[in-house]
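Since the structure comes first, as structure tokens, the remarks are kept for the end.
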Amino acid sequence: MDRFLSNAVNRIDAKGRVSVPAHFRSVVQKRGYSELYALRALDIPALDVGGLDLLDRYEERIAREDPFLQAADDMSFFIHGDGAFLKLDQDGRITVNDFIREHTGISTDVAFVGRGNFFQIWEPERLKAYGAEARARLLKLRQAAASRIAGETG
């Protein structure tokens with residue numbers, strides 16, 4: 000398996016480090032990431048973390064923009080200037096620095112959430128609330144689709 004799947008919560012140690020879940024470390028190793036790059040998610044208090052392929056995905060989007068428009072400039076600032084490299088130590092831990100704490104609100108525990116080609120870092124209670132909101136949105140979509148189908152066949 001070479002995707003970031005599932006979730007885990009780990010405690011920050013006395014030196015401000017947290018262990019990245021073993022499965023995630025395995026994916027990092029399989030993909031040959033020597034460093035992890037973290038971006039602040041735009042609309043949620045989480046960090047998107049991945050290898051340089053995460054940057055590639057965003058850069059492909061920027062390349063489709065007119066380089067003279069503000070949107071391209073804003074995207075470049077967000078991707079290239081507002082992220083941070085995270086180093087995994089020999090024991091598979093990262094340091095929970097101010098960059099992480101300020102955006103996420105993390106204090107004692109870190110939630111890691113698989114998102115396929117990348118993973119996210121969350122404060123556990125904020126993740127729990129977001130998960131409930133996401134499930135409610137999906138349920139609403141399912142119910143709307145069921146109503147639409149029932150109306151078409153009824």
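At position 78 of the sequence shown the residue is numbered 77 (numbering that gives the first Met the number 0), and the sequence of numbers has no breaks.
Glycine is no exception: its CB is placed at the ideal position from the N, C-alpha and C atoms.
Could you tell me the distance, in whole angstroms, from the CA atom of Gly113 to the CA atom of Arg2?
Distance between the alpha carbons of Gly113 and Arg2 is about 8 Å.
Helix, strand or coil for Thr94? Go by DSSP, reduced to three states.
In the structure shown, Thr94 sits in a strand (DSSP, three-state: E or B).
Going by Cα to Cα distance, which pick from Val19, Thr94, Arg39 and Thr107 is closest to Ile78?
Ranking Val19, Thr94, Arg39 and Thr107 by Cα distance to Ile78 puts Arg39 first.
Helix or strand or just coil, what does DSSP make of Leu54?
Note: Leu54 maps to helix in three-state DSSP.
Taking Arg114 as part of the alpha helix (DSSP H), name the residues at either end of that continuous run.
Counting along the chain, Arg114 falls outside any alpha helix (DSSP H), and DSSP gives it neither H nor E.
Report the three-state DSSP secondary structure of Ser5 (helix, strand or coil).
It is coil, neither helix nor strand.
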